[in-house]
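Protein chains in written order, with our numbering: chain A, 14 to 154; chain B, 18 to 413.
Taking it in order: structure first as structure tokens, then the write-up.
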Amino acid sequence: MVTGWFAGEGDDFTLLGTRCSACASVFFPREDSHCRNPGCDSGDLVEIPLSRRGRVWSYTDSQYRPPSPYVTDPELPWEPHTLIAVELAAERIVVLGQAVPGVTVADLAVGAEVEVVPGVLHEDGETVWTTWHWRPTGVTA
Amino acid sequence: MTGEVAVLGAGMHPWGKWGRGFVEYGVTAARAALADAGLEWRDIGSIVGADTVRGGYPGYVAGATFAKALGWQGARVASVYAACASGAQAVAAARAQILAGLADVVLVVGADAAPKGFFRPAGGDRPEDPDWLRFRILGATNPTYFGLYARRRIAVHGDTVEDFAQVKVKNAALGALNPYARYRKPVSAEEVAASAVVADPLRLLDICATSDGGAALVLSSMEFARRRGVAEPVRIRAVSTVTPTYPNTVLDLPDIATDSAAAVEPATGTFRASIARAAYEEAGVGPEDLSLAEVYDLSTALELQWYEDLGLCGEGEGAKLLREGATAPGGRIPVNTSGGLASFGEAVPAQAIAQVCELTWQLRGDAGARQVEHARVGITANQGLFGHGSAVIAMR
């Protein structure tokens with residue numbers, strides 16, 4: 014579904030972006046066919062890992078069940094999830110993601126440090142769909 | 018000004034959840050605008066529709082749908098899709114035809130029957146579509162983005178949830194005076210605070226609903242207006258349809274990430290601010306000239322952001338402007354005199370047209386109990402998913 018957006022496990026888990034070899038612009042989600050800098054006509058983009066840690070730009074939660082194509086079990090009560098937008102300093106980019114399960118808005122503050130970790134989006138009979146989660150640093154749960 | 022077009026007519030279908038088709042809403046609004054202009058449908062040389070999904074067709078059509086419903090009469094036709102900016106871009110298309118001499122008088126129509134609950138992408142697996150991806154991977158609904166902006170304002174500018182609630186109180190009081198609004202009851206700050214949290218820190222009454230609705234305008238050349246004996250029509254002076262400037266560094270719907278500023282320094286000001294700036298430059302006016310503004314209050318907190326993006330106050334001063342009463346009736350620059358989306362809800366192709374209807378009525382002095390005294394210049398501000406700017410400046 015999102016082939017090549019992340020790689021690795023544990024402490025080696027990273028988001029993957031691409032970087033234009035001509036102008037050094039960074040893209041996430043990855044841009045593989047053309048650089049989107051209007052001052053650059055390069056099409057040579059190389060894969061790079063993004064910084065694993067960043068600072069919270071903002072955060073919120075989803076107190077109501079999102080509609081499809083988000084996959085949830087309508088038989089189960091809705092458990093709100095938290096969303097965090099994270100500033101990565103080196104890449105000067107803000108990346109949105111879900112927080113690790115259990116982290117609520119009460120655990121967060123704008124400017125706090127978080128790190129990217131692997132997570133499970135959902136599981137069906139055949140597949141565990143993995144994704145990225147943001148986790149406050151110092152939290153190991 | 019050679020760049021001006023006249024607004025000869027404005028009309029709406031009342032907004033709400035009526036359970037009927039978008040064609041009915043559009044035709045009602047169109048007939049109201051024609052009657053307001055004192056014109057017959059047969060007098061119209063061109064029709065521009067702001068698009069919605071037409072069931073059973075692999076795309077979005079509207080212009081010809083409304084033309085057929087009104088009765089085929091051979092008019093030139095166009096259909097425009099730009100998400101929430103569709104209405105403004107329909108106005109832009111009509112204006113371009115008039116200024117190019119392709120048509121003397123153009124009917125612009127937008128209408129929709131919105132689904133209940135959250136907006137969501139069309140069906141099917143579409144991993145090439147950022148709008149599909151943000152739902153599929155993150156469960157990031159529109160309100161979650163509004164929640165992110167609201168929380169950021171609290172952290173950076175010191176806004177409070179009580180400030181946000183006061184936006185709703187103001188807009189609900191105005192909506193109560195507007196016969197076309199869906200919600201026509203005043204709302205108290207206590208009622209906002211008692212409503213359920215949707216996306217922290219925003220509550221149900223901080224976030225606009227989805228609605229059915231329709232709005233229409235009859236636009237013409239200044240020469241046509243004079244021939245019709247309308248010596249001083251409301252005039253459209255600017256339509257801003259700009260895209261963002263790379264790198265766009267404010268996280269925006271439907272994106273999962275911003276552009277990176279690693280290689281190119283961001284331009285001064287945000288995309289939203291550039292929408293207003295382009296309109297001001299085209300119209301030759303500034304924020305100090307405005308009598309009123311209709312802004313895209315998807316959430317209460319976002320209305321405060323627009324105050325700053327329109328230059329009504331400095332960055333971070335939106336809540337202060339609200340607290341001073343400057344944006345309330347009788348204030349220096351009343352905002353959302355129609356009641357805004359807080360009172361109307363979203364009917365996507367219609368809302369930017371509805372904003373211009375409100376400017377028209379205000380600039381004519383026809384806004385009844387919500388009239389802004391001596392209104393001379395008004396701006397609308399709106400924004401279409403995927404980078405469609407949208408602002409209109411009208412004057413009397």
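Built from N, CA and C at the ideal position, the CB exists for glycine as well.
C-beta atoms of residue i and residue j nearer than 8 Å
i, j, result
"TRP32/B", "SER228/B", "yes"
"GLU332/B", "GLU341/B", "no"
"ARG112/B", "LEU236/B", "yes"
"PRO138/B", "PRO82/A", "yes"
"LEU134/A", "THR140/A", "no"
"PHE135/B", "PRO79/A", "yes"
"ALA112/A", "SER71/A", "no"
"LEU28/A", "VAL129/A", "yes"
"GLY66/B", "GLY88/B", "no"
"ALA84/B", "ALA95/B", "no"
"ALA318/B", "VAL352/B", "no"
"MET412/B", "ARG252/B", "yes"
As assigned by DSSP and simplified to three states, the class of residue i
i, result
"GLY230/B", "strand"
"PRO36/A", "Contrary to the premise, residue 36/A reads as Cys rather than Pro in this sequence. Residue state, collapsed to three classes: coil."
"MET18/B", "Any answer about MET18/B is weak, because its pLDDT of 46 lies below 50 and its placement is not dependable; what the coordinates show is given next. Coil."
"PHE19/A", "strand"
"ILE64/B", "strand"
"ASN159/B", "helix"
"PRO261/B", "coil"
"ILE292/B", "helix"
"CYS53/A", "coil"
"LEU268/B", "coil"
"ALA103/A", "coil"
"LEU109/A", "strand"
"HIS174/B", "helix"
"GLY192/B", "helix"
"VAL209/B", "helix"
"GLY385/B", "helix"
"PRO304/B", "helix"
"GLU57/B", "coil"
"TRP35/B", "coil"
Sequence-distant residues of its chain with Cβ nearer than 6 Å to residue i (five each side left out)
i, result
"TYR200/B", "GLY192 and SER360"
"MET18/B", "Caution applies to MET18/B, whose pLDDT of 46 falls short of 50 and renders its modelled position unreliable; the value that the coordinates give is listed next. So the list is empty, once near-sequence residues are dropped."
"ALA198/B", "GLY192, GLY356, SER360 and PHE361"
"PRO346/B", "none"
"VAL15/A", "none"
Spatial neighbours of residue i in its chain, beta-carbon cut-off 8 Å, leaving aside the 5 residues before and after
i, result
"LEU315/B", "ASN159, PHE163, ILE224, CYS225, LEU358 and GLU363"
"HIS94/A", "ASP74, SER75, GLN111, ALA112 and PRO114"
"PHE26/A", "PHE19, ALA20, ARG65, VAL129, VAL130, PRO131 and TRP145"
Opening and closing residue of the beta strand (DSSP E) in which residue i lies
i, result
"TRP142/A", "141-149"
"THR354/B", "That residue, THR354/B, is in no beta strand (DSSP E); it is neither H nor E in DSSP."
"ASP24/A", "Run containing ASP24/A: none; DSSP gives neither H nor E here."
"TRP70/A", "66-75"
"SER407/B", "405-412"
"ILE396/B", "394-401"
"GLU320/B", "That residue, GLU320/B, is in no beta strand (DSSP E); its alpha helix (DSSP H) goes 317-326."
"GLY127/B", "122-130"
"LEU380/B", "Unbroken run through LEU380/B is the alpha helix (DSSP H), 365-381; no beta strand (DSSP E)."
"LEU58/A", "58-62"
"ARG93/B", "93-97"
"ALA216/B", "214-216"
Endpoints, alpha helix (DSSP H) assigned at residue i
i, result
"GLY138/A", "Run containing GLY138/A: none; DSSP gives neither H nor E here."
"ARG48/B", "39-54"
"LEU309/B", "Unbroken run through LEU309/B is the beta strand (DSSP E), 309-312; no alpha helix (DSSP H)."
"LEU339/B", "335-340"
"ARG112/B", "103-116"
Proximity test, Cβ basis, 8 Å: residue i and chain C
i, result
"ALA37/A", "The chain labelled as chain C is not found among the protein chains of the depicted structure, namely A and B."
Handout entry: Where the stretch 142-168 of chain B meets chain A: residues whose CB sits under 9 Å from a CB there
Key = Answer in chain order: ASP142, ARG143, PRO144, PRO147, TRP149, LEU150, ARG151, PHE152, ARG153, ILE154, LEU155, GLY156, ALA157, THR158, PRO160, THR161, TYR162, PHE163, GLY164, LEU165, TYR166, ALA167 and ARG168.
Problem - Where the stretch 83-94 of chain A meets chain B: residues whose CB sits under 7 Å from a CB there - result: So the list reads TYR83 and HIS94, given in the order they occur along the chain.
Problem - Members of the stretch 211-222 of chain B that neighbour chain A once the beta carbon cut-off is set at 9 Å - result: Of all residues in the stretch 211-222 of chain B, the ones placed with a Cβ closer than 9 Å to any Cβ belonging to chain A are ALA213, VAL214, VAL215, ALA216, ASP217, PRO218 and LEU219, in chain order.
Practice task
Mind checking the stretch 96-111 of chain A against chain B and listing, in chain order, the residues whose C-beta falls within less than 8 Å of any C-beta there?
Solution key: Here the close residues are LEU96, ALA98, ALA103, GLU104, ARG105, ILE106, VAL107, VAL108, LEU109, GLY110 and GLN111.
Handout entry: Residues, ordered as in the chain, of the stretch 123-137 of chain B that lie near chain A by beta-carbon distance below 8 Å
Key = Residues of the stretch 123-137 of chain B with a Cβ closer than 8 Å to any Cβ of chain A, in chain order: GLY134, PHE135 and ARG137.
Handout entry: Contact list for the stretch 262-275 of chain B against chain A, Cβ threshold 9 Å
Key = So the close ones are THR262, TYR263, PRO264, THR266, VAL267, LEU268, ASP272, ILE273, ALA274 and THR275.
Practice task
Taking a Cβ distance cut-off of 7 Å, strictly less, list which residues of the stretch 167-187 of chain B are near chain A, in chain order.
Solution key: For the stretch 167-187 of chain B, which is checked against every Cβ of chain A, the residues closer than 7 Å are ARG168, ARG169 and ALA172.
Problem - Residues of the stretch 276-301 of chain B with Cβ closer than 8 Å to any Cβ of chain A, in chain order - result: Going along the stretch 276-301 of chain B in chain order, one finds ASP276, SER277, ALA278, ALA279, ALA280 and VAL281 with a Cβ nearer than 8 Å to chain A.
Problem - Residues within the stretch 63-79 of chain A neighbouring chain B, beta-carbon criterion of under 8 Å - result: From the stretch 63-79 of chain A, only TRP70, SER71, TYR72, THR73, ASP74, SER75, GLN76, TYR77 and PRO79 have a Cβ closer than 8 Å to chain B.
Exercise for the section: Give, in chain order, every residue of the stretch 119-145 of chain A whose Cβ lies closer than 8 Å to some Cβ of chain B. Expected result: Within the stretch 119-145 of chain A, the qualifying residues are ALA122, VAL123, GLY124, LEU134 and THR144.
Practice task
Give the residues from the stretch 37-51 of chain A that approach chain B closer than 8 Å (Cβ to any Cβ), ordered along the chain.
Solution key: Here the close residues are ALA37, SER38, VAL39, PHE40, PHE41, PRO42, ARG49, ASN50 and PRO51.
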